[in-house]
């Protein structure tokens, strides 16, 4: 595999198995440019979340090599933020304090923490609930707090594990649009795990289609639509054609074709 | 409105029924007063002996409060140690259970031997009795911290102290209070028990427990039940204080303290 010089994240021959079980991921190779928005899509059990967790150094690769900026990933390294499936807010802290948690862990001074959290509250339009507790918020608002908590770390690499999977479609569309808006201002590299083909096409400039048993990448699909993208993209013919094509690749992968 | 009215009316109805049954038993079977004093006789006894019972109650309150507070603090420290390390937990937990399962009445003579027959012994017994629920509940809360929240701290590579103070302890606060509620009802009982026992081992040192042993020896049954009534009131006061602190601290985030449950 030839690796471009400006690659931000590189995976070479990455495989994963838990204990003596069958491999969860067989052989994964790809390189991602700085500033790229990559979606990982595939059936459950294809190891897409595992892949994300390995990039975050939450779980080691059984074999192969993962490089971020040319170095092996480390837990808590600056510049890498993770957004989970669940909002995972601390229920005993109000919204703003929740956003400050990663900065507190990194021992950022209080004034600086408050300044950056206030900035994030503006960014995700939650200034009016800064003093609210998580249980007082809707599902969509909680997820926006979770996004703000990741972005407050000024990441260069944003890892997202089906962050909007539990939300209703309307809310999900809104959050997708907001995420792209935010991305116009700050360019991070994104890995986005999702079950939704439409979401993957809307957000990313590249889609990695995966298959299961063992997990592997069966297609690498570039998404040609220019940023900034707005909700009108969802009404375009090209968009729907691409959604259909990716869905086909996904089905083909599940049947075991193209390996 | 209707619900709130019922919340007052139903306990009162239940109490009236029980008191009625009490009087009915006494009269239906012609039970003498020394065998079964009825409520108004108990209240009269309380009025007669109010100086004695009041002073004893104050002394018991002090011992119970000291024992409770040391159990609340010691239980918290112990839970942090147990929750922070699985080896420590495995090494010590069985002995914590043994301490809890050993009848305090067996330990009490030793405690009196070591700590003397003053308030010290009574506080120690109270501590032993109320310590266990605090440790067990708090440890349980800390080790059952939501996995997702733990992962957040993993991703940020938080240190062990940050995990305890920013994550596990706040998460376990409702569990800590569940333990404190049990401890609050046990502490006055523990203190009274210890006063009773040290009173019979080494001569009286006061308190409701000692007073109970005196009334018992003199066969003053209504006065004995007046002591029981006083200790119930003491237990309720302890519990009410804990419930109030719990509600003030947790009302905005935890279901145990939200208006629907309060």
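Protein chains in written order, with my numbering: chain A, 78 to 336; chain B, 113 to 374.
C-beta atoms are modelled at their ideal positions from N, C-alpha and C, and glycine is treated no differently.
Where residue i falls, given that 16 or more other Cβ within 10 Å makes a residue buried
i                      : result
residue 335 of chain A : Confidence in residue 335 of chain A is poor, its pLDDT being 49 and thus under 50, which makes the residue's placement unreliable; the coordinate value appears in the next sentence. Exposed: under 16 other Cβ atoms inside 10 Å.
residue 331 of chain B : exposed
residue 175 of chain A : buried
residue 243 of chain B : buried
residue 373 of chain B : In this prediction, residue 373 of chain B has a pLDDT of 41, which is less than 50 and means its spatial position is unreliable; nothing more can be read from the coordinates.
residue 184 of chain A : exposed
residue 143 of chain B : exposed
residue 247 of chain A : exposed
residue 325 of chain A : exposed
residue 265 of chain A : buried
residue 165 of chain A : buried
residue 217 of chain B : exposed
residue 224 of chain A : buried
residue 119 of chain B : exposed
residue 169 of chain A : buried
residue 251 of chain B : buried
residue 126 of chain B : exposed
residue 31 of chain A  : The question about residue 31 of chain A has no answer, for chain A in this structure spans 78 to 336.
residue 130 of chain A : buried
Bridge partners - residue i, DSSP secondary structure assignment
i                      : result
residue 110 of chain A : A:84
residue 271 of chain A : A:118
residue 282 of chain B : Paired residues: none, contrary to the question.
residue 266 of chain A : A:234
residue 294 of chain A : A:287
residue 100 of chain A : A:94
residue 299 of chain A : A:283
residue 143 of chain A : A:88
residue 105 of chain A : A:91
residue 311 of chain A : For residue 311 of chain A, which the question treats as bridged, DSSP gives no partner whatsoever.
residue 148 of chain A : A:145
Between the CA atoms of residue j and residue i - distance to the nearest angstrom
i                      : j                      : result
residue 146 of chain A : residue 361 of chain B : 45 Å
residue 375 of chain B : residue 298 of chain B : There is simply no residue 375 of chain B to check, as chain B begins at 113 and stops at 374 in what is shown.
residue 369 of chain B : residue 356 of chain B : 9 Å
residue 241 of chain B : residue 178 of chain B : 13 Å
residue 302 of chain B : residue 129 of chain B : 30 Å
residue 253 of chain B : residue 101 of chain A : 33 Å
residue 310 of chain B : residue 364 of chain B : 45 Å
residue 212 of chain B : residue 219 of chain A : 43 Å
residue 121 of chain A : residue 295 of chain A : 15 Å
residue 201 of chain A : residue 211 of chain A : 15 Å
residue 308 of chain A : residue 204 of chain A : 24 Å
residue 176 of chain B : residue 235 of chain B : 7 Å
residue 305 of chain B : residue 343 of chain B : 11 Å
residue 230 of chain A : residue 119 of chain A : 29 Å
residue 318 of chain A : residue 270 of chain A : 21 Å
residue 116 of chain A : residue 247 of chain B : 46 Å
residue 183 of chain B : residue 288 of chain A : 56 Å
residue 331 of chain A : residue 104 of chain A : 17 Å
residue 192 of chain A : residue 291 of chain A : 46 Å
residue 151 of chain A : residue 279 of chain B : 22 Å
residue 114 of chain B : residue 352 of chain B : 24 Å
residue 267 of chain A : residue 139 of chain A : 24 Å
Where the alpha helix (DSSP H) containing residue i begins and where it ends
i                      : result
residue 55 of chain A  : This structure cannot speak to residue 55 of chain A, because chain A is shown only from 78 to 336.
residue 196 of chain A : 187 to 200
residue 138 of chain A : No alpha helix (DSSP H) holds residue 138 of chain A; DSSP gives it neither H nor E.
residue 240 of chain B : 231 to 255
residue 223 of chain A : 216 to 228
residue 173 of chain B : 162 to 196
residue 335 of chain B : 333 to 362
residue 259 of chain B : 259 to 267
residue 128 of chain B : 114 to 140
residue 154 of chain A : From DSSP, residue 154 of chain A is part of no alpha helix (DSSP H); its letter is neither H nor E.
Within chain A, partners of residue i - CB distance below 7 Å
i                      : result
residue 269 of chain B : 152 and 153
residue 365 of chain B : 168, 169, 210 and 212
residue 274 of chain B : 182
Partners in chain A for residue i, counting only beta-carbon separations shorter than 9 Å
i                      : result
residue 260 of chain B : 161, 162, 163, 164 and 165
residue 285 of chain B : 169
residue 199 of chain B : Those do not exist, as residue 199 of chain B stays about 23 Å from chain A at its closest Cβ, beyond 9 Å.
residue 151 of chain B : Correct list: empty, because the minimum Cβ distance to chain A is about 45 Å.
Closer than 8 Å at the beta carbon, the chain B residues around residue i
i                      : result
residue 135 of chain A : 263, 266 and 267
residue 305 of chain A : What residue 305 of chain A touches in chain B: nothing, since even the nearest Cβ is about 29 Å away.
Where the beta strand (DSSP E) containing residue i begins and where it ends
i                      : result
residue 157 of chain A : 157 to 160
Chain-ordered neighbours of residue i on chain B, where CB pairs are closer than 7 Å
i                      : result
residue 181 of chain A : 278
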